[in-house]
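Enquirer: Next up is a structure, given as structure tokens.
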Amino acid sequence: MSLLASERGAVDGTWPSTCWECGTVCGSVVTVRDGRVAKVGPNPAHPHSRGAFCVKGILGAPGWTYHDSRLLHPLRRTGERGGGEWERVSWDDALDVVADGFARVRERHGPLALAGAVSGAFFSRGLTVALLMRSLGSPNWLINQDLCGGCRAVSDRLMGLATTNGDDIEGTHCALVVGRNPSAADPVQWQALKRAKARGARLIVIDPKRIPVAEMADVWLKPRPGSDAALALAMTHVVIAEGRYDRAFVDRWCHGFEALRDRAAKYPPAVAADLTDVPADDIVAAARMYAAGPSTFVSGHGIDAFSAGVQTFRAYHCLVAICGNIDRAGGNRRVKRPRGFKTYLDVLHDPEFRLPIDVERRTIGAERFPLWAGPGAWQMACHNPSVIDAILTGQPYPVRGMYVSGVNIVVTYPNARKTAAALRSLDVLAVATQMMNPTAELADVVLPKTTTLEEEEVALNPGGPCISYTRAAVPPRGEARCDLDIAIGLIDRLEARGALMRNVFRWRTQRELNEFLLGGSGIDLDALQAKGFAEFPYRLGNFEEQGFATPTKKLELYSTTLERLGLDPLPDFTPPVAMRCSENERASFPLVLLTGDREKAYHHSRFREQEWARRISPDPDIRVHPETAAEHGVSEGDWVWIETVNGPGRCRLRVAITDATPPGVVSTGMGWWLPDAPGPDRGAFDVNVNAAMSYDGPWDPVTGSADTRGLPCRMEARDER
Ligand SMILES: Nc1nc2c(c(=O)[nH]1)N[C@H]1C(S)=C(S)[C@@H](COP(=O)(O)OP(=O)(O)OC[C@H]3O[C@@H](n4cnc5c(=O)[nH]c(N)nc54)[C@H](O)[C@@H]3O)O[C@H]1N2
Ligand SMILES: Nc1nc2c(c(=O)[nH]1)N[C@H]1C(S)=C(S)[C@@H](COP(=O)(O)OP(=O)(O)OC[C@H]3O[C@@H](n4cnc5c(=O)[nH]c(N)nc54)[C@H](O)[C@@H]3O)O[C@H]1N2
Ligand code: SF4
Ligand SMILES: [Mo]
């Protein structure tokens, strides 16, 4: 058996590390006493987070690691699927059961009938799951990103921007915050925005709700949910018509300016005002303020993960580009890296780790969404709702076995019952997790995973920019193993069964993987470990050198890739579902539902079993304006049913009255389930908003994203308090 990375260096002391409970990846300091993590706190020396941190890192990570119900041994189902009867088995037995199951599926249906599910290639577990599936011969892996940051990432990639996480708030004159709630979602941005404001920088916030950052804005625009593309195009029109764009930058580096100008001219402020409900004068004021730059675009999930997400992001990204805010101080920095360093995404795309192209072309979803799934796609993952359908219908081909790691998809994918039904119907399901949850409840085998305090991780942090290091501060509890060890265990067994296509894994330990990533960068792993991060020199505005990865080798305002695929090459406004639905639907579903409000105590579905978190946030709230509450006859603390248009059912939420949410709109979080409720669903069909959401479209034509917000809904009172 390979050595667990975390078996090294578990020594008492205080160590610099990096929290990777979420994508903010803050620099941390971890204190180990008597072989146990005694304290986790911020590292003020860290170039990205500069001392910012959050309660999930302080309490969540250790709380999860040392929780009484932490899974410490592999489990195997003894009764029927979802029956909650388990026996403790050895790792050898557990991996044998999974390997036998996968080998059988492969023999009966071919390798494509196997799929992995994980959050994406941002952390090493994503790469690990993708490469495990590829070693078996399957290109099918499901990521969460169609529900998360996928539209932003694909728009960025189509245009050749490469600006992910590069907002330079510290150096900016103006921050444009759109669909982002930094006070809840990102303490690094939140601290930086407060500092920027204090030194006199301007702040434009575009958000339907009065979130804390809106309260300190110079200009706050409140668009109708889902209407941002019209707003961004109108701002673009003003900037161009008034000659406020960066002509030299546009002439030298942008492709398709005239076409963009003509498209934006369809949306003068008066027209956009009708579509968005934002007064025309406010649109003009915001456009002028942004154009005065240098300005940074701070974007979020509020304009992502919906059926017009890519075009909405393209509209904003074009505005950023023509104002010359790409890769300039105070703007949006392009991704910098030390020469020779490899990101997880680089490895995914490296021909050495790829499947034959005819296999990649068969990725589920590749035909319809070639920029999302298949060989030409961003993460080359599959289209999740189509995989769920493939499991249930056998079309376009059967999917019969799944390996799920570090995601709780019964809770976090829209249409919880359908996801659960699909998982139930599989021939074999293995789930790797730290705690039992509604997804793991449906498994044949549950594999206990290490937590972020027990694993070593090396990654590029584009925000620093720096290379960040996470220390395996303590050895794994019980028999927990990291993803890489689990993958190697499975690959070895499948090889012995003749069920491997080609082992694309070349690392036997996490440390070997980390050394491979550092490659020829000149960064020494021991030095990195001692400091917790490594900075590197970089240059801004080196466009000649860094180049633009587009067919025209320029920033594509007009996307030749979208044109080639028969899609609209220019950003445009598509009316959201709430503006398209019939009179009847509007009468039955009179409210607009927003989902995904981030809660400080939770990370999606995580930490629901931790007492401190449940004290901070005991119930799944639905936030309702006082007028809307009065119209619906509901009061603070009432439990209500929520149903969406075309939704698969209803969910139960608790009213919280606030005038921060506009009238006619109701807004809730995500990720709710109840660890103490009866299994197997443990509340996932009850208090989880995804019990009331559809995953079946409409879908974004580029990413296949379904609407996670902006949906017509109805709210009905229940007799319960
Ligand atoms: N504490 C905590 N932090 C987290 C997470 C967590 O679970 N807990 N999750 C992390 C992850 S994976 C993600 S993806 C991020 C998400 O965090 P954010 O990117 O901040 O996204 P949301 O909280 O979904 O929404 C942000 C804002 O978008 C607004 N919004 C909704 N619809 C629209 C619209 O049509 N237009 C505009 N302009 N705004 C709109 C909402 O009112 C909300 O204020 O948070 C990350 N940080
Ligand atoms: N309706 C609706 N649905 C949404 C969203 C929405 O806004 N609305 N948001 C979407 C978004 S942005 C996202 S990113 C997805 C998230 O969806 P998921 O990624 O499925 O959510 P998590 O709750 O983070 O996943 C939980 C699992 O993470 C695993 N995990 C792995 N490693 C660790 C670790 O080190 N520590 C901890 N604490 N847990 C770990 C555990 O196995 C745990 O069971 O949900 C999406 N779903
Ligand atoms: S924001 Fe919180 S959970 Fe996310 S990396 Fe920072 S400390 Fe960890
Ligand atoms: Mo996300």
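In this note's numbering, each residue's number is its place in the sequence shown (first place is 1) plus 580. Cβ coordinates follow ideal geometry from the N, Cα and C atoms, glycine included.
Does the beta-carbon of residue 1192 have 16 or more other beta-carbons within 10 angstroms, so that it is buried, or is it exposed?
Expert: In the sequence shown, residue 1192 corresponds to position 612, counting from 1. Flag for residue 1192 reads exposed.
Enquirer: Would you say the beta carbon of residue 728 is closer than 7 Å to some non-hydrogen atom of ligand 4?
Expert: Mapped onto the sequence shown, residue 728 falls at position 148. Yes; taking the cut-off as 7 Å, the Cβ of residue 728 has a heavy atom of ligand 4 nearer than that.
Enquirer: To the nearest angstrom, how far is the alpha carbon of residue 910 from that of residue 873?
Expert: Within the sequence shown, residue 910 is the residue found at index 330, counting from 1. Within the sequence shown, residue 873 is the residue found at index 293, counting from 1. One C-alpha to the other measures close to 8 Å.
Enquirer: Excluding the five sequence neighbours on either side, which residues of its own chain have a C-beta within less than 6 Å of the C-beta of residue 1031, listed in chain order?
Expert: As a position in the sequence shown, residue 1031 is number 451, starting the count at 1. Cβ within range, chain order: 644, 645, 1014.
Enquirer: When the Cα atoms are used, what is the spatial distance from residue 994 to residue 727?
Expert: Residue numbering aside, residue 994 sits at position 414 when the sequence shown is read from its first letter. Residue numbering aside, residue 727 sits at position 147 when the sequence shown is read from its first letter. Approximately 9 Å between the Cα atoms of the pair.
Enquirer: By the DSSP assignment, the alpha helix (DSSP H) with residue 1233 in it spans what residues?
Expert: Residue 1233 sits at position 653 when you count from the first residue of the sequence shown. Element bounds for residue 1233: not the alpha helix (DSSP H) but the beta strand (DSSP E), 1230 to 1237.
Enquirer: Between the stretch 922 to 932 and the stretch 1055 to 1062, do three or more beta carbon pairs fall short of 8 Å?
Expert: no
Enquirer: If you measure from the CB of residue 963, is any heavy atom of ligand 4 nearer than 7 Å?
Expert: The count along the sequence shown starts at 1 and reaches residue 963 at position 383. Outside the cutoff, so no.
Enquirer: If we ignore side chains and look at the alpha-carbon of each, how far apart do residue 635 and residue 1181 end up?
Expert: Your numbering for residue 635 matches position 55 in the sequence shown. Your numbering for residue 1181 matches position 601 in the sequence shown. Between residue 635 and residue 1181, the C-alpha separation is close to 7 Å.
Enquirer: Using the Cβ count rule (16 or more neighbours within 10 Å means buried), how would you classify residue 1189?
Expert: Stepping through the sequence shown from its first residue, residue 1189 is reached at position 609. Buried: at least 16 other Cβ atoms inside 10 Å.
Enquirer: Whose beta carbon lies closer than 6 Å to any heavy atom of ligand 3, going through the chain in order?
Expert: Counting every residue whose Cβ lies closer than 6 Å to a heavy atom of ligand 3, we get 599, 601, 602, 604, 605, 606, 633, 634, 636, 637, 767.
Enquirer: Do residue 987 and residue 698 come within 8 Å of each other at the CB atom, strictly closer than that value?
Expert: For the purposes of this step, residue 698 is identified with residue 118 of the sequence shown, where counting begins at 1. For the purposes of this step, residue 987 is identified with residue 407 of the sequence shown, where counting begins at 1. Going by C-beta atoms, residue 698 is nearer than 8 Å to residue 987.
Enquirer: To the nearest angstrom, how far is it from the Cα of residue 963 to the Cα of residue 1270?
Expert: By one-based count along the sequence shown, residue 963 stands at place 383. By one-based count along the sequence shown, residue 1270 stands at place 690. If you take the alpha carbons of residue 963 and residue 1270, they lie about 18 Å apart.
Enquirer: If you draw a straight line from the C-alpha of residue 1113 to the C-alpha of residue 766, how long is it?
Expert: By 1-based counting over the sequence shown, the position of residue 1113 is 533. By 1-based counting over the sequence shown, the position of residue 766 is 186. Cα to Cα, residue 1113 sits roughly 20 Å from residue 766.
Enquirer: Answer yes or no: the CB of residue 1183 versus the heavy atoms of ligand 4, is any distance below 7 Å?
Expert: For the purposes of this step, residue 1183 is taken as the residue at position 603 of the sequence shown. No, since every heavy atom of ligand 4 falls outside the 7 Å radius drawn around the Cβ of residue 1183.
Enquirer: Can you list, in chain order, the residues of its chain whose CB lies under 7 Å from that of residue 1111, leaving out five sequence neighbours each side?
Expert: To locate residue 1111, count along the sequence shown from 1; it is residue 531. Within the same chain, and ignoring the five residues on either side of residue 1111 in sequence, the residues whose Cβ sits closer than 7 Å to its Cβ are 596.
Enquirer: How about residue 1224: is its C-beta nearer than 8 Å to some C-beta of chain C?
Expert: Included in the structure is just one protein chain, with no chain C present.
Enquirer: Just how far apart, CA to CA, sit residue 849 and residue 859?
Expert: As a first step, residue 849 must be located in the sequence shown, where it is residue number 269. As a first step, residue 859 must be located in the sequence shown, where it is residue number 279. Going by the C-alpha atoms only, they are around 8 Å apart.
Enquirer: Name, in chain order, the residues that DSSP records as bridge partners for residue 667.
Expert: Sequence index remark: in the sequence shown, residue 667 carries index 87 (1-based). DSSP, once it has assigned bridges, lists 656 as partnering residue 667.
Enquirer: Ignoring anything shorter than 3 residues or poking outside the stretch 670 to 712, list the beta strand (DSSP E) runs there in chain order.
Expert: 694 to 697
Enquirer: Out of 677, 721, 1098, 1021, which has the shortest C-alpha to C-alpha gap to residue 1260?
Expert: Counting from 1 along the sequence shown, the entry for residue 1260 is found at position 680. For the residues 677, 721, 1098, 1021, the minimum Cα distance to residue 1260 belongs to 1021.
Enquirer: Might you give, ordered along the chain, the residues of its own chain that have their beta carbon closer than 7 Å to the beta carbon of residue 997, omitting 5 neighbours on each side?
Expert: Here residue 997 is taken as the residue at index 417 of the sequence shown, counted from 1. Within the same chain, residue 997 has close Cβ partners 1228, 1229, 1265, 1271.
Enquirer: Bridge partners for residue 1029 per DSSP, in chain order?
Expert: Your numbering for residue 1029 matches position 449 in the sequence shown. Note: residue 1029 sits in a beta bridge opposite 1061.
Enquirer: Candidates 1178, 1152, 1091, 1121: which alpha carbon is nearest residue 1109's?
Expert: Stepping through the sequence shown from its first residue, residue 1109 is reached at position 529. Looking at 1178, 1152, 1091, 1121, the one whose alpha-carbon comes closest to that of residue 1109 is 1091.
Enquirer: Tell me which same chain residues have a C-beta within less than 7 Å of the C-beta of residue 1207, skipping the five on either side of it?
Expert: Position 627 of the sequence shown, counting from 1, holds the residue named residue 1207. Answer for residue 1207: 1243, listed in chain order.
Enquirer: Could you tell me the alpha carbon to alpha carbon distance between residue 1293 and residue 1281, rounded to whole angstroms?
Expert: For the purposes of this step, residue 1293 is taken as residue 713 along the sequence shown, with counting starting at 1. For the purposes of this step, residue 1281 is taken as residue 701 along the sequence shown, with counting starting at 1. Residue 1293 and residue 1281: Cα-Cα distance of roughly 24 Å.
Enquirer: Pair every Cβ in the stretch 868 to 882 with every Cβ in the stretch 751 to 762, then say whether three or more of these pairs are closer than 8 Å.
Expert: Counting C-beta pairs with one atom in each stretch, the stretch 868 to 882 and the stretch 751 to 762 have three or more that are closer than 8 Å, which means they touch.
Enquirer: Suppose only complete runs of 3+ residues qualify. What are the beta strand (DSSP E) ranges in the stretch 742 to 766, listed by chain order?
Expert: 754 to 758
Enquirer: Taking residue 917 as part of the beta strand (DSSP E), name the residues at either end of that continuous run.
Expert: Reading the sequence shown from its first residue, position 337 is the one you call residue 917. Run containing residue 917: none; DSSP gives neither H nor E here.
Enquirer: Nearest-angstrom Cα distance between residue 1219 and residue 1289?
Expert: Sequence index remark: in the sequence shown, residue 1219 carries index 639 (1-based). Sequence index remark: in the sequence shown, residue 1289 carries index 709 (1-based). Residue 1219 and residue 1289: Cα-Cα distance of roughly 21 Å.
Enquirer: Does DSSP put residue 877 in a helix, in a strand, or in coil?
Expert: On the sequence shown, residue 877 is found 297 positions in, with the first residue counted as 1. If DSSP states are grouped into helix, strand and coil, residue 877 belongs with the strands.
Enquirer: What ranges does the beta strand (DSSP E) occupy inside the stretch 1179 to 1205, keeping only unbroken runs of at least 3 residues that lie completely in it?
Expert: 1201 to 1204
Enquirer: Under the rule that 16 or more other beta-carbon atoms within 10 Å means buried, what is residue 1164, buried or exposed?
Expert: The sequence position of residue 1164 within the sequence shown is 584, counting from 1. Result: exposed.
Enquirer: Shorter than 7 Å, the distance from the beta carbon of residue 758 to the closest heavy atom of ligand 5, or not?
Expert: Looking for ligand 5 in the displayed structure turns up nothing; the ligands present are ligand 1, ligand 2, ligand 3 and ligand 4.
Enquirer: For residue 1186, tell me which candidate among 1157, 1019, 1241, 887 has the shortest Cα-Cα distance.
Expert: Translated into the one-based positions of the sequence shown, residue 1186 becomes position 606. It is 1019 whose Cα lies nearest to the Cα of residue 1186.
Enquirer: Residue 1135 and residue 867 - do their beta-carbons sit closer together than 8 Å?
Expert: Residue numbering aside, residue 867 sits at position 287 when the sequence shown is read from its first letter. Residue numbering aside, residue 1135 sits at position 555 when the sequence shown is read from its first letter. Contact flag unset, no.
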